[in-house]
Amino acid sequence: MAVQQDLVTGASIAVASAPMPPPRSEVGAIGWLRHNLFSSWSNGLLTVVALYLIWKLIDGILSWGIIHAVWSGEDGSACRVEGSGACWIFIKAKLGQFIYGRYPEGERWRVNLVFILAGAGLVPLMVPRIRGKAWSAVYTFFIFPVIAFWLLRGSASGPGAGPIDLLGVCLAIAGTVAFALSRSSSARVPPQRLRLAGGVCLVLGYPLLVRWLLSTSGLVDVRPVPTELWGGLLVTLVVASVGITGSFPVGIALALGRRSRMPFVRWASVGFIEFVRGVPLITVLFMASVMLPLFLPAGVSFDKLLRALVGVALFAGAYMAETIRGGLQAIPRGQFEAAQALGLSYAQRMGLIILPQALKLVIPGIVNSFVGLFKDTSLVLIIGLFDVLGIVQLNLTDAKWFANSTAITGYVFAGLVFWVFCFGMSRYSQMIERRLAAGDRR
Amino acid sequence: MAVTGIAARAPRRTPSLLDLLYRPEVRQVLFQIILIIALAALFWMIISNTAANLRRQNIASGFGFWNTTAGFDISQTLIHYTNTSTYGRVFWVGLTNTLLVAAIGIVFATIVGFVMGIARLSTNWLIARLATVYVETIRNIPLLLQLFVWYFAVLKSLPPPRQSLELVGGAVLNLRGLYLPEPLPQPGFEIPLAVLAVGVLTSIGIAVWAKRRQRLTGAQFHTGLAALVLIVLLPAAAYFLAGAPLEFDYPTLRGFNYTGGIVVLPELLALLLGLVIYTGAFIAEIVRAGIQGVPKGQKEAASAIGLSTGQTLRLVVIPQAMRIIIPPLTSNYLNLIKNSSLAVAIAYPDLVSVFAGTVLNQTGQAVEVILITMLVYLSLSLFTSMLMNWFNARMALVER
Chain U
43 MAVQQDLVTG ASIAVASAPM PPPRSEVGAI GWLRHNLFSS WSNGLLTVVA
93 LYLIWKLIDG ILSWGIIHAV WSGEDGSACR VEGSGACWIF IKAKLGQFIY
143 GRYPEGERWR VNLVFILAGA GLVPLMVPRI RGKAWSAVYT FFIFPVIAFW
193 LLRGSASGPG AGPIDLLGVC LAIAGTVAFA LSRSSSARVP PQRLRLAGGV
243 CLVLGYPLLV RWLLSTSGLV DVRPVPTELW GGLLVTLVVA SVGITGSFPV
293 GIALALGRRS RMPFVRWASV GFIEFVRGVP LITVLFMASV MLPLFLPAGV
343 SFDKLLRALV GVALFAGAYM AETIRGGLQA IPRGQFEAAQ ALGLSYAQRM
393 GLIILPQALK LVIPGIVNSF VGLFKDTSLV LIIGLFDVLG IVQLNLTDAK
443 WFANSTAITG YVFAGLVFWV FCFGMSRYSQ MIERRLAAGD RR
Chain E
2 MAVTGIAARA PRRTPSLLDL LYRPEVRQVL FQIILIIALA ALFWMIISNT
52 AANLRRQNIA SGFGFWNTTA GFDISQTLIH YTNTSTYGRV FWVGLTNTLL
102 VAAIGIVFAT IVGFVMGIAR LSTNWLIARL ATVYVETIRN IPLLLQLFVW
152 YFAVLKSLPP PRQSLELVGG AVLNLRGLYL PEPLPQPGFE IPLAVLAVGV
202 LTSIGIAVWA KRRQRLTGAQ FHTGLAALVL IVLLPAAAYF LAGAPLEFDY
252 PTLRGFNYTG GIVVLPELLA LLLGLVIYTG AFIAEIVRAG IQGVPKGQKE
302 AASAIGLSTG QTLRLVVIPQ AMRIIIPPLT SNYLNLIKNS SLAVAIAYPD
352 LVSVFAGTVL NQTGQAVEVI LITMLVYLSL SLFTSMLMNW FNARMALVER
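Respectively, the protein sequence lines represent chains U and E. When you line the first sequence up against this note's numbering, it's residues 43 to 484, in that order. When you line the second sequence up against this note's numbering, it's residues 2 to 401, in that order.
Here is the structure:
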């Protein structure tokens with residue numbers, strides 16, 4: 043309010059005008075500081091303590107990681123100097139191992155190619171703006187795994203055909219025939235079904251066929267690399283991605299089984315889920331590595347990595363089942379009944395009506411399980427596989443690089459790798475959550 | 002009705018066996034029978050294969066190994082154990098070590114979690130940010146890696162015994178572990194203990210009485226003050242009146258090592274640090290969500306009827322937040338118990354490390370050892386969830 047003198051009477055009158063600005067101490071940087079940092083004596087004290095902590099933290103990180111860090115040198119001798127910080131040259135020298143393990147150097151292009159191919163599938167799948175999600179999904183979940191398996195594992199080159207090759211040829215032929223039949227109107231089976239079956243056959247068959255043609259003709263030479271040589275980031279990503287994709291169908295099946303009206307199916311699912319959730323992952327991995335060979339008939343042996351993969355997928359599947367069950371329970375009964383009233387079959391009801399809604403509800407939970415699974419991949423080192431952490435730990439015993447700071451440098455590197463993936467996943471899920479929720483906000 | 006008329010006129014087919022297959026109840030029975038047969042076949046195959054494999058590899062089966070002499074030493078034993086003890090004894094040593102880590106870990110993780118969870122909601126911007134950084138960093142790094150950092154990078158780079166770090170109260174920290182002064186009760190220590198026991202019992206009685214009286218008459222009683230006098234002041238007075246009958250055995254440097262006091266192995270220390278800090282980050286998120294889950298109106302209503310900030314927190318916010326917090330807190334306690342099995346990676350002698358590790362390697366009886374280990378964790382999990390379910394039922398909303 044402003045006050046003016048009335049010219050006639052001399053009395054002061056109030057004139058309505060813009061309100062006075064708030065006091066200087068309440069707005070701007072000073073106001074923010076007063077409200078958020080120094081609102082009371084105790085708060086002020088806390089702020090000072092926090093500032094001291096932050097200063098210590100930043101100072102420590104900077105001086106250890108940059109100022110006193112060792113940036114050049116050939117071996118550990120440079121890092122053994124008193125008072126030196128992070129031994130980054132250790133990471134630089136061992137980076138190849140940390141990414142590929144003991145994968146032969148001449149063959150590492152295959153791993154890189156798999157990383158690129160995976161990116162080519164995942165990027166269009168994950169970026170909301172890119173169209174053609176169905177095709178990227180078909181590529182990522184059906185075509186890419188076949189190619190990746192072949193590239194990473196390799197195969198004996200030269201003419202000849204194994205059972206897998208024959209299967210590929212048969213599938214490719216069957217798929218083509220099915221498509222041809224779906225064109226003709228005389229077929230008894232509905233054309234949609236034929237096209238679906240043909241599509242599945244083609245998607246599975248063609249990569250196998252191409253693989254066979256390539257290796258038989260000798261155009262591409264991918265000699266076998268046993269999984270004992272795999273390691274580092276490669277193993278971490280293989281275990282995590284197989285675990286994630288494997289746990290999903292296992293989890294859906296178990297969750298549906300747990301809510302089934304058939305008592306035996308329900309008991310079997312509950313028993314499996316509660317058993318696996320009640321024991322630590324280590325014991326499951328021990329079981330996979332020590333007991334599984336005993337369970338199989340004599341002469342049949344599994345690859346060690348494959349055994350770990352089975353263990354991880356089953357373990358993660360039980361947790362996934364509980365997450366998905368939460369979503370299923372949140373779907374109103376009316377949805378089930380409406381789907382039934384439309385005359386949909388069980389598979390259609392679940393696949394078209396219930397699961398899409400239920401899964402959308404539990405995306406945060408699913409991603410949490412994925413993050414947990416990604417961190418849990420580090421446990422495979424206990425049964426003798428070398429993931430990122432395992433290979434770092436292994437290289438720390440290298441006498442050439444013995445120094446005080448080597449261990450912590452290696453752990454910081456491994457920690458950063460895990461952190462980037464896990465934090466990225468949780469942030470991505472928050473974004474997706476917001477996008478999906480946008481439809482419900484009106 | 003017209004519809005029934007048409008249906009009635011339709012020619013009747015005799016139901017064939019194939020039609021029976023389309024009836025849901027028949028399908029359900031069939032499906033379950035198939036599942037039972039498949040599972041039974043799987044189990045039969047596993048059992049017969051295992052038996053054949055064990056016979057072929059000359060591995061004994063059964064629990065005969067339980068009473069065989071183990072012949073190895075264990076670095077930390079809470080119960081009597083020598084290397085002439087049996088494998089059965091090894092099992093109990095491992096189990097007690099696991100329980101020790103789990104119990105201490107749960108207590109400290111709860112404290113860290115609640116402090117950090119409340120800090121995340123602090124009105125102080127810096128404190129809230131610091132807590133967020135803690136939670137987001139720790140939650141996204143594998144526990145195993147954190148254990149390695151604590152054990153191999155931090156505790157293994159501590160000074161040797163001669164240059165030990167002297168901590169407050171006569172505790173000592175060095176490469177060999179943490180040495181704490183050990184309290185030694187002298188004759189006469191029973192007196193303050195008895196006073197303490199009486200004090201605790203009386204306080205419980207007073208609390209029950211005060212609550213009943215408040216419900217009947219509305220009159221309040223200073224239960225907390227009475228309990229403070231009964232539990233802290235009286236025993237303390239009794240302790241000094243009895244002539245302070247408690248002495249401490251301080252760790253002292255003899256030659257190249259410390260003797261006396263309680264030794265906390267570096268393995269145990271690393272495992273506890275890792276478990277507490279890791280689980281604490283998860284509990285912090287649960288606590289934050291729980292407190293944020295209490296509607297704002299509850300706080301406003303509480304201050305409207307004249308409760309102080311402390312009373313609002315204690316009587317209105319926390320009881321309601323606890324209802325949201327307890328179920329996920331339970332699963333985090335279970336996770337901590339299961340995660341304590343990572344001890345095997347840093348050679349802390351827990352159940353997995355000594356029993357599923359050393360005993361399995363020595364006897365080769367994988368099936369029995371792994372099954373026992375899994376059963377132990379299963380029963381630990383079941384016991385903890387039962388306990389927390391009971392606690393949850395007590396805290397749950399009593400609706401009319």
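Idealized CB from N, CA, C, for every residue including glycine. Being a predicted model, the structure only gives us computed values, none of them experimental.
- The three-state reading of DSSP puts L401(U) in helix, counting H, G and I together.
- In the assembly as shown, W151(U) is an exposed residue. Its beta-carbon has fewer than 16 other beta-carbons within 10 Å.
- Nearest C-alpha to T451(U) among P170(U), I108(U), F314(U): I108(U).
- Counting along the chain, E369(E) sits inside the alpha helix (DSSP H) bounded by residues 367 to 396.
- Under the three-state reduction of DSSP output, N125(E) falls in the coil class, being neither helix nor strand.
- Each of A42(E), N98(E), I107(E) was checked against the Cα of G281(E), and the nearest Cα belongs to I107(E).
- A322(E) is not a Cβ neighbour of T313(E), given a cutoff of 7 Å.
- Residue contact check for L274(E) against chain U: no CB pair falls below 7 Å.
- When only Cα atoms are considered, K98(U) and K136(U) end up about 31 Å apart.
- When CB distances to chain E are screened at a threshold of 7 Å, the residues of the region 414 to 426 of chain U falling below it are K417, S420, L421, I424, in chain order.
- At a cut-off of 7 Å between beta-carbon atoms, W130(U) makes no contact with chain E.
- Per DSSP, T253(E) is one residue of the beta strand (DSSP E) stretching across 253 to 255.
- CA-CA distance, L330(E) to Q293(E), rounds to 16 Å.
- With 16 or more other CB atoms across the displayed protein chains lying within 10 angstroms of its CB, V264(E) is buried.
- N340(E) reaches chain U at P322, counting residues in chain order whose Cβ is nearer than 8 Å.
- Bounds of the alpha helix (DSSP H) holding F44(E) are 25 to 58.
- Taking a cut-off of 8 Å on C-beta distances, the region 463 to 473 of chain U touches the region 400 to 415 of chain U, as three or more cross pairs fall below it.
- Residue Y152(E) holds the alpha-carbon nearest to the alpha-carbon of A348(E) among I139(E), N54(E), G89(E), Y152(E).
- Relative to L276(U), the option among L244(U), V459(U), G86(U), I185(U) whose CA is nearest is V459(U).
- Closer than 7 Å to the CB of N78(U) there is at least one CB belonging to chain E.
- The continuous stretches of beta strand (DSSP E) do not include V326(U), which lies in the alpha helix (DSSP H) extending over residues 323 to 328.
- Going by DSSP, Y180(E) is part of the beta strand (DSSP E) stretching over 178 to 181.
- Within the region 458 to 477 of chain U, those residues whose Cβ lies closer than 7 Å to any Cβ of chain E are, in chain order, F460, W461, C464, F465.
- Close partners of L88(U) in chain E (Cβ separation under 8 Å): S123, N125, L127, I128.
- Chain E places no beta carbon closer than 7 Å to that of I185(U), leaving this residue out of the contacts.
- When DSSP states are grouped into helix, strand and coil, P406(U) belongs to the helix group.
- Below the 7 Å Cβ cutoff, chain U contributes no neighbours of R324(E), its closest Cβ being approximately 18 Å away.
- The beta carbon of A456(U) sits closer than 7 Å to some beta carbon of chain E.
- Nearest to P322(U) by C-alpha distance, out of F184(U), G353(U), L208(U), is G353(U).
- Membership of Y259(E) in the beta strand (DSSP E) is indicated by the continuous run 258 to 260.
- Contact between N85(U) and L79(U) holds: CB atoms are separated by about 7 Å, below the 8 Å threshold.
- A check of alpha carbon separations from W461(U) across E124(U), L251(U), V430(U) identifies V430(U) as the nearest.
- The beta carbons of P182(E) and A198(E) sit about 25 Å from each other, so the pair does not count as a contact at 8 Å.
- Residues of the region 110 to 130 of chain U with a Cβ closer than 7 Å to any Cβ of chain E: none.
- The secondary-structure analysis by DSSP pairs E248(E) across a beta bridge with L185(E).
- At a cut-off of 7 Å between beta-carbon atoms, I450(U) makes contact with chain E.
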